[in-house]
Amino acid sequence: MLTNIANSLGFGSGIDTAALVSDLAAASRTPKVQRFDTLSRANQAKVSALAQARSDLDSFADSLADLSTGGTLRSQPVTSDDTAIAVTANAGTLLGAYSGEMVVSSLARAQTNYTGFITSATDPIGQGGLTLTVGTTAFAVTVDATNDSLNGLANAINATGSGVRASVINDAGSFRLVLKGESGAAKAFTLTADAGAAPGLSQFATAAMTVGQSASDASFTVDGVAYSRATNNFNDVVPGLNITLKKADPLATITIGATRPTDVLKQTLTDFVSVFNTLKRDTEAARLANNGNPALRAFERQLSAFISQPLTSDANIKSLSDVGISTNRDGTITVNSAKLEIALRDFPDAVEAIFNPPRDGVRTEATDPGITFALDALRDAAVATTGPLEQVRTALQRQTENIAKNRERMESREDAYRTRLERQYAGMDARIAALRATQSYLEQQIKLWNSGGDN
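Numbering-wise, the working numbering comes out as the position in the sequence shown, counting from 1, plus 1429.
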């Protein structure tokens, strides 16, 4: 119906009322659309500025965390013979000028035994019980009708949970049963056939097998102090160091030292300044775009305070300001290279502790948060539900939704206005058409009257 009305506009009056309706509707709608477009662009600019600041903060915290957890920013142990031992340091270990000597007399080994050749892995071997003893702990092994084969015996041994691993090895068409325990002298084991077991099971007793190697502990000295360990991997001899023994040589002395990443620390602080300043500028831009939002202003103050925030409990180096970082008038920061050099020279462990805070039971995240933990805490607080960045983001999201809803209402009102115009002008056309029809009729009647009078 409305389409028919719109299409018929102007037919009765001869006036282009369709164009008139379009012009009137556009005159009403266009400025409103422009106003909403302006509001949307302004709001989107605020959203984009805030998103950039949030992205800067995330990248800043994540990249610094990756460097810290990856070990790049902490001293690393070095050895004089990497083929003999491997050494790594735990996070929070300050090696400083650590130096030690190590002699590896023997490696920890696991006991191995193996049988002679057996023609089949699936043929019956005899039924009965066997006892597997590891140290002083005994485990029952049963061979019955359900597992009467070499493969079945291996599976039964593995099912004991004893730590002894049984494997069936195919060697040129024949088979061997190979047993291997865990490393260390305390993990030596025996396998014996129980009384009443089938005679065929006696060949699997360790006394009847060939010994590949005997179980033994690692034997070594560190700075002249003798140690033994059940495995070749341990972390309880030198505090903070994980040591793996690879090769034994009782006549070789291996030195262990540490190398400090001084150049990396310098570069990281330089990069920190650059990224911090980018974050500061983008946060300021977000604040200005959001009409000086007080929440963003508070976050800027938190950023500025971060430079002097205590990161370690060291008496000489507590914060970034102690290693040469200072704040400029505009809120950006710079690094004083000379002050940084002095800090690295006089207090190298304390500078490293900013990036690799010690964790020894006394120094904790509360007393020595370090830069990574402190920056994460700053980020978490900023993006929490009540945090400044999240508060502004939520407000902008509501504003975006309100603009969209109000635009939709405006469009509905303008559509209704256009419909009213079309009805009004359609009615006018109809009335004018009726008047013209009446005029035409009267004119014809007058002509008839006049022609009648002439006769």
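Backbone N, C-alpha and C fix where the C-beta goes; we use that ideal spot for every residue, glycine too.
Would you kindly check if the distance between the Cβ of residue j and the Cβ of residue i is under 8 Å?
i	j	result
Ala1537	Ala1647	yes
Ser1578	Thr1551	yes
Val1597	Ala1574	no
Gln1481	Asp1652	no
Val1570	Thr1544	no
Lys1676	Val1533	yes
Ser1469	Ile1832	yes
Asn1706	Thr1756	no
Ser1748	Ser1733	no
Leu1740	Gly1799	yes
Asn1472	Thr1793	no
Thr1512	Asn1671	no
Ile1554	Leu1630	yes
Ala1811	Phe1728	yes
Ala1576	Ala1567	Strictly speaking, residue 1576 in this sequence is Asn, with Ala absent from that position. Result no, Cβ atoms of Asn1576 and Ala1567 do not sit closer than 8 Å.
Asn1745	Phe1776	yes
Looking only at DSSP bridge pairs, what is residue i linked to?
i	result
Leu1608	Asn1542 and Ala1595
Glu1530	Thr1684
Ile1514	Leu1674
Val1780	Paired residue(s): none; Val1780 is not in a bridge.
Ile1547	Phe1604
Ile1762	Thr1756
Gln1874	In DSSP, Gln1874 forms no bridge with anything.
Ala1622	Leu1559
Val1667	None, per the DSSP bridge assignment.
Val1507	Gly1686
Gln1853	In DSSP, Gln1853 forms no bridge with anything.
Thinking just about the alpha-carbon of each residue, which of the options is nearest to the one in residue i?
i	options	result
Ser1451	Phe1728, Arg1852 and Thr1867	Arg1852
Ser1643	Thr1467, Asp1485, Ser1748 and Ser1612	Ser1612
Pro1628	Gly1557, Asn1599 and Phe1701	Gly1557
Ala1824	Asn1719, Asp1445 and Gly1555	Asn1719
Ser1509	Leu1850, Leu1769, Thr1688 and Ala1727	Thr1688
Val1764	Ser1703, Thr1562 and Thr1517	Ser1703
Asp1491	Arg1792, Leu1804 and Ile1832	Leu1804
Gln1505	Ala1727, Thr1697 and Pro1690	Pro1690
Ala1520	Thr1801, Thr1756, Asn1580 and Gly1529	Thr1801
Arg1842	Ala1448, Ala1447 and Lys1461	Lys1461
Ala1526	Val1476, Ser1549, Thr1684 and Asp1466	Thr1684
Asn1580	Ala1624, Lys1834, Met1531 and Phe1633	Phe1633
Leu1479	Val1821, Pro1679, Arg1836 and Glu1837	Val1821
Thr1650	Leu1674, Met1638, Ser1631 and Gly1641	Leu1674
Gly1781	Ser1535, Asp1692 and Ala1655	The question names Gly, but residue 1781 is Glu in the sequence shown. For Glu1781, the nearest C-alpha among the options comes from Asp1692.
Gly1602	Phe1546, Thr1560, Ala1655 and Leu1559	Phe1546
Ala1637	Arg1865, Leu1608 and Asn1576	Leu1608
Ala1474	Gln1826, Gly1669 and Ala1813	Gln1826
Ile1754	Ser1657, Ser1766 and Asn1745	Ser1766
Ala1681	Ser1535, Ala1585, Thr1548 and Phe1701	Ser1535
Since residue i and residue j are thought to touch, with beta carbons under 8 Å apart, how far apart are those beta carbons, to the nearest angstrom?
i	j	result
Asp1778	Pro1786	Between Pro1786 and Asp1778 the Cβ distance is about 11 Å, and since that is not below 8 Å, they are no contact.
Phe1618	Gln1540	6 Å
Ala1772	Val1752	5 Å
Ala1486	Arg1758	Looking at the sequence itself, residue 1486 is Leu, so the reference to Ala does not match. Not confirmed; about 23 Å, so no contact.
Gly1686	Ala1615	The pair is not a contact, with the Cβ atoms about 33 Å apart (cut-off 8 Å).
Ala1454	Arg1730	The pair is not a contact, with the Cβ atoms about 51 Å apart (cut-off 8 Å).
Leu1818	Arg1483	6 Å
Leu1561	Leu1606	Actually they are not in contact, since the Cβ atoms of Leu1561 and Leu1606 sit about 13 Å apart, beyond 8 Å.
Ala1622	Leu1559	5 Å
Quick one: using the 10 Å Cβ neighbour count with 16 as the cut-off for buried, is residue i buried or exposed?
i	result
Val1593	buried
Glu1717	The sequence given here has Leu at residue 1717, not Glu. Burial call: exposed.
Asn1542	buried
Ile1783	buried
Asp1665	exposed
Asn1722	buried
Arg1860	exposed
Glu1530	exposed
Glu1713	buried
Ser1869	exposed
Asn1436	Residue confidence for Asn1436 is low, a pLDDT of 45 falling below 50, so the modelled location carries little weight and cannot support an answer.
Ile1875	exposed
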